[in-house]
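Structure, as structure tokens:
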Amino acid sequence: MEYSENRIKVLRFEESNGFYTTPQRSKLMAKIKSKDTKPEILFRKELWNAGIRYRKHNKKLPGNPDIVNKKLKLVIFIDGEFWHGFNWEEKKKKIKSNRDFWIPKIERNMQRDIENNIKLKNIGYKVFRFWEHDVKKESQKCIQLICSYLNDF
């Protein structure tokens with residue numbers, strides 16, 4: 027099953043495209059990590075303590091999952107609320123600057139997440155996606171979901 031919706035086009039964030047950012051904002055944005063975030067590290071420790079072994083960031087799989095167990099055909103993503111569109115319809119109204127960039131950017135990320143989920147399922151993987159705030163506040167619930175899947179495996 028192929029994802030059929032048209033791809034969202036995202037312009038490059040450049041002044042030539044009408045986007046502008048302050049040096050302070052650039053500094054803040056440069057500090058944002060895509061790998062080994064605090065929630066990701068916390069979750070990996072919890073998984074390890076539960077006896078679930080894994081590898082990190084398998085670039086050969088669609089979406090470069092945060093956590094992978096090939097033997098169990100298990101992939102886990104820890105998604106940031108802003109970047110992956112948590113509560114998107116409400117949040118998108120609050121974006122004030124550079125809306126022409128950020129709204130398509132986040133919506134394309136959400137679209138790509140769906141595409142990668144489908145690709146992973148098509149090659150036999152079970153996909154888990156957790157929001158960062160769930161991992162921070164309810165990590166044991168997230169671990170329990172994975173454990174119950176593995177018990178049924």
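Here the sequence shown is numbered in our numbering, starting from 27 and rising by one per residue.
We put the beta carbon where it would ideally sit given N, CA and C, even for glycine.
Kindly indicate which three-state DSSP category Val36 falls into: helix, strand or coil? coil
Return no unless some Cβ of chain D is closer than 8 Å to the Cβ of Pro88. You won't find chain D in this structure, because it holds only one protein chain.
Is the separation between the beta-carbon of Val101 and that of Val36 shorter than 8 Å? no
Starting from Arg155 and walking both ways along the alpha helix (DSSP H), at which residues does that stretch end? Not the alpha helix (DSSP H): Arg155 falls in the beta strand (DSSP E), residues Lys152 to Trp157.
In three-state terms, what does DSSP make of Lys82? In this structure, DSSP gives Lys82 an extended state, which the three-state scheme calls strand.
Could you tell me the alpha carbon to alpha carbon distance between Glu116 and Leu73, rounded to whole angstroms? 32 Å
Inter-residue CB distance, Cys168 and Phe156 (contact presumed, cutoff 8 Å): 5 Å
Roughly how many angstroms lie between the CA atoms of Ile121 and Lys163, to the nearest whole one? 26 Å
Apart from the five residues on each side of it in sequence, which residues of its chain come closer than 8 Å, Cβ to Cβ, to Asp139? Gly89, Phe103, Asp105, His110 and Arg155
Would Gln137 and Arg70 be called neighbours here (beta carbons separated by less than 8 Å)? In this structure, Arg70 does not lie closer than 8 Å to Gln137 by Cβ.
Just curious, the alpha helix (DSSP H) that Asp139 is in, first and last residue? Arg125 to Asn148
Taking only three categories from DSSP, how would you classify Met27? Residue confidence for Met27 is low, a pLDDT of 43 falling below 50, so the modelled location carries little weight; the figure read from the coordinates is stated next. Here Met27 sits in coil by DSSP.
Take the Cβ of Met27 as the centre, count every other Cβ of all protein chains shown within 10 Å, and call the residue buried at 16 or more, exposed below. The predicted model places Met27 with a pLDDT of 43, which falls under 50 and marks its position as unreliable; any figure quoted below should be read in that light. Counting every other CB atom within 10 Å of its CB across the protein chains shown gives Met27 a total below 16, marking it as exposed.
Candidates Asn75, Val94, Tyr151 and Lys145: which alpha carbon is nearest Asn84's? Val94
Hey, would you say Lys99 sits closer than 8 Å to Tyr175, going by beta carbons? No; because the gap between Cβ atoms is not below 8 Å, this pair is not in contact.
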